[in-house]
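J.: Chains as they are written, first to last, in the UniProt record's numbering: chain A, 1 to 340; chain B, 1 to 340.
For every residue, glycine included, the Cβ atom is placed at its ideal position computed from N, Cα and C.
My structure is below; once you've seen it, I'll send some questions.
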């Protein structure tokens, strides 16, 4: 049975109103009586009903966090930092994993509104839900912060990685190493993929390599199966007449690992035969062999900035649109090599 | 501004009680009127107040999920499955990351009680909180399911991996390969580590190898720093007079990866010079080279069984203690070799 204020009063041998005074600290209570109530609370593991208090105070001290898939370590890492900062401010988080589906994103967010959350943080929101006005509508009803995602002319608060700068660095790195035969590997619908694809095409144009454009879409890019799926697709590609040396610019590290495994299966050497660049800089990228050259995504910083932004919006009832942009940076490790 | 039932009524041009009838589906409403109300709900992104409903129904349709650290992919994988099953049953989850601290585990769980959750799932609960009776007390006040953790004579519901069977298979595998010089690598306080250490010692005894007992504690075993910390500790160990070939039985895959990296840094070959066995079978273990021999921890199954168990307890108000045990199994890949 759940313990209530009545049980605490009985255990402490005081009235319910005395327990209430101790809990709310709004009227003086004798030190000895206070101690008795506190001991009873301790003994019974009593926790005051935050729910009832929420209806009175018009806040729930909860934040909904929406992510495409916590299978990709990028998301739990961002979420861990969000949770720790919110926790310190007495907020709890609802975790929502949309399985990379736009319709689930909408369902989850509507359900969060029903739960009267004080705010929502959406990581990598779906482009279609940005373009169809869903997020702008939500943003009018509740504090909302989006991390990354499509944001051109969108009236929402954003914490953004400047993925373009990191992507340009990645492409320039490959081209400076002498690569002319560069594949671009992306997942399905996501603004982040579109953005990188655009940089890929612009870089090829700039260096007069557009005729070599080769884009592969491997399907779901953020699931447990991403590495395996990518491996199979790239493996069958590598068996056909690919010219070596070849380079792969991959939209995230899981995709890059899939490419790396396809190379191993094809008995191709990374980086002698194949150069690979990832994106995200998740833990795995630094503990595999060869260590992956990748673009750092500021995972902790994204979590920290978004958590502080939502707290700020809630506290100051500040309706001005906010936009924080973080630089991304190429981390050169051992998966790329100069073409001789 | 949050949308309320009044706004919906105004938008649809009907009375508030008509909106209420449509929402609760408890009185007949003309099809055309119903459509108008539904369109207004859609247009305004209105969600009924679950909070107010919770106080009336005495349930919140929320479950607290407590884990040591979502940095270790083992935990998000279990949580993803929990979340998906609970979601299908209209439950939302509160995510609590204790940073591997026993005191935080207590704070989080008390805070969940205050939030009137309908149940709690605790993954890898701290041994001290089991032994000091904290969990047994909680179990009396609210539906609780623990995944793994210390459970001897503990009156709680458990979904357990039989980690002993997998550990015995791991040790027998190394000994059958001719290894006599086997290190055991664990993290700090956790029943799971104690249990494996016990198997390690018993296996050495059985094969008259107890004089070779070598146990190393690498500190926090479930954080982002685990791989790096383990690497540093084992690297300095390998520089001293270690006899080769040597084998390492590691309490989880992150620790095993740390050992693998220490070997690379020491220019030792895995598996020719060093054999390594991990535990968990997280994604990484299958995508590194050499692929890691490890013990599969049934991550999805743990999530599925615990989610169904808590739903069952809530639905049937069933106070009988439940215990589900899953087998663990050694997955032989490429990180161990026969001693010649």
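Sort out for me which residues DSSP pairs residue 133 of chain B with in a bridge.
T.: Answer by DSSP bridge pairing: none, since residue 133 of chain B is not bridged.
J.: Over the uninterrupted beta strand (DSSP E) stretch that includes residue 323 of chain A, give me the two end residues.
T.: 323-327
J.: Compare the Cα-Cα distances from residue 163 of chain B to each of B:258, B:172 and B:329 and report the closest residue.
T.: The closest CA to that of residue 163 of chain B, considering only B:258, B:172 and B:329, is found on B:329.
J.: As a quick exercise: from A:259, A:48, A:313 and A:208, pick the residue whose alpha carbon is nearest that of residue 216 of chain A.
T.: A:259
J.: Inspect the CB distances between the stretch 263-279 of chain B and the stretch 298-306 of chain B and report whether three or more fall short of 8 Å.
T.: no
J.: Among residues of its own chain, excluding the 5 on either side of residue 89 of chain B, which ones have a beta-carbon nearer than 7 Å to its beta-carbon?
T.: Counting only Cβ-Cβ distances below 7 Å, and skipping sequence neighbours, we find 311.
J.: Alpha carbon to alpha carbon, how far is residue 157 of chain B from residue 73 of chain B? Give it in angstroms, no decimals.
T.: 24 Å
J.: What span of residues does the beta strand (DSSP E) with residue 246 of chain A cover, start to end?
T.: 246-250
J.: Residues of chain A with a CB under 7 Å from the CB of residue 261 of chain B: which are they?
T.: For residue 261 of chain B, the chain A residues whose C-beta falls within less than 7 Å of its own C-beta are 287, listed in chain order.
J.: Of all the options A:184, A:65, A:315 and A:116, which has the alpha carbon lying nearest to the alpha carbon of residue 279 of chain A?
T.: Of the residues A:184, A:65, A:315 and A:116, the one whose Cα lies closest to the Cα of residue 279 of chain A is A:184.
J.: Hey, how far is the Cα of residue 126 of chain B from the Cα of residue 138 of chain B?
T.: Straight-line Cα distance between these residues: approximately 14 Å.
J.: Please list, in chain order, the chain B residues whose beta carbon lies closer than 8 Å to that of residue 79 of chain A.
T.: 70 and 95
J.: Output the distance between the C-alpha atoms of residue 292 of chain A and residue 24 of chain A, rounded to the nearest integer angstrom.
T.: 54 Å
J.: Consider the Cβ of residue 137 of chain B: report whether some Cβ of chain A lies at a distance smaller than 8 Å.
T.: yes
J.: If we define contact as Cβ-Cβ less than 8 Å, is residue 313 of chain B a contact residue for chain A?
T.: no
J.: Pull up the distance between the alpha-carbon of residue 332 of chain A and that of residue 48 of chain A, whole angstroms please.
T.: Going by the C-alpha atoms only, they are around 52 Å apart.
J.: Give the straight-line distance between the Cα atoms of residue 212 of chain A and residue 253 of chain B, rounded to the nearest whole angstrom.
T.: 41 Å
J.: With respect to the alpha helix (DSSP H) encompassing residue 263 of chain A, which residues constitute its N-terminal and C-terminal limits?
T.: 253-265
J.: When you compare the CB of residue 175 of chain B with every CB in chain A, is at least one pair closer than 8 Å?
T.: No, residue 175 of chain B does not count as interfacial toward chain A.
J.: Less than 8 Å between the C-beta atoms of residue 151 of chain A and residue 160 of chain A, yes or no?
T.: Between residue 151 of chain A and residue 160 of chain A, the CB-CB gap stays under 8 Å.
J.: Excluding the 5 residues preceding and the 5 following residue 308 of chain A in the sequence, name in chain order all residues of the same chain whose CB lies nearer than 8 Å to its CB.
T.: 85
J.: Quick check on residue 13 of chain B: does DSSP put it in helix, strand or coil?
T.: Coil at residue 13 of chain B, not helix or strand.
J.: Rounding to the nearest angstrom, what Cα-Cα distance links residue 27 of chain B and residue 16 of chain B in this structure?
T.: 13 Å
J.: Strictly under 8 Å for the Cβ-Cβ distance: is residue 121 of chain B near chain A by that measure?
T.: no
J.: Just tell me which of A:319, A:120, A:154 and A:255 has its CA closest to the CA of residue 136 of chain A.
T.: A:154
J.: Return the chain-ordered ranges of every beta strand (DSSP E) run that is complete within the stretch 174-214 of chain A and spans a minimum of 3 residues.
T.: 182-186
J.: For the alpha helix (DSSP H) containing residue 303 of chain A, name the first residue and the last one.
T.: Its alpha helix (DSSP H) spans residues 299-316.
J.: For residue 101 of chain A, decide whether its Cβ has a neighbour in chain B, counting only Cβ atoms nearer than 8 Å.
T.: Residue 101 of chain A does not count as touching chain B.
J.: Compare the C-alpha of residue 46 of chain A against each of B:77, B:62 and B:116 and name the closest.
T.: The shortest C-alpha separation from residue 46 of chain A is found at B:116.
J.: With residue 113 of chain B and residue 147 of chain B assumed to form a contact (beta carbons below 8 Å), what rounded beta-carbon distance in angstroms separates them?
T.: Rounded, the Cβ-Cβ distance is 19 Å, inconsistent with contact.
J.: Pull up the CB-CB distance for residue 96 of chain B and residue 119 of chain B, whole angstroms please, since I reckon it's below 8 Å.
T.: Not a contact, Cβ separation roughly 13 Å.
J.: I'd like the list of long-range same chain contacts for residue 29 of chain A, defined as Cβ closer than 7 Å, with 5 residues on each side in sequence excluded.
T.: Excluding positions up to five away in sequence, the list reads 18, 21 and 22.
J.: My guess is that residue 195 of chain A and residue 247 of chain A are in contact by the Cβ rule of under 8 Å, so how many angstroms apart are they, rounded?
T.: Actually they do not touch by this definition, with Cβ atoms about 20 Å apart.
J.: With DSSP collapsed to three states, give me the class of residue 158 of chain B.
T.: strand
J.: Distance, Cα to Cα, residue 244 of chain A vs residue 181 of chain A?
T.: In this structure, the alpha-carbon of residue 244 of chain A lies about 8 Å from that of residue 181 of chain A.
J.: Specify the secondary structure class of residue 70 of chain A as computed by DSSP and reduced to three states.
T.: coil
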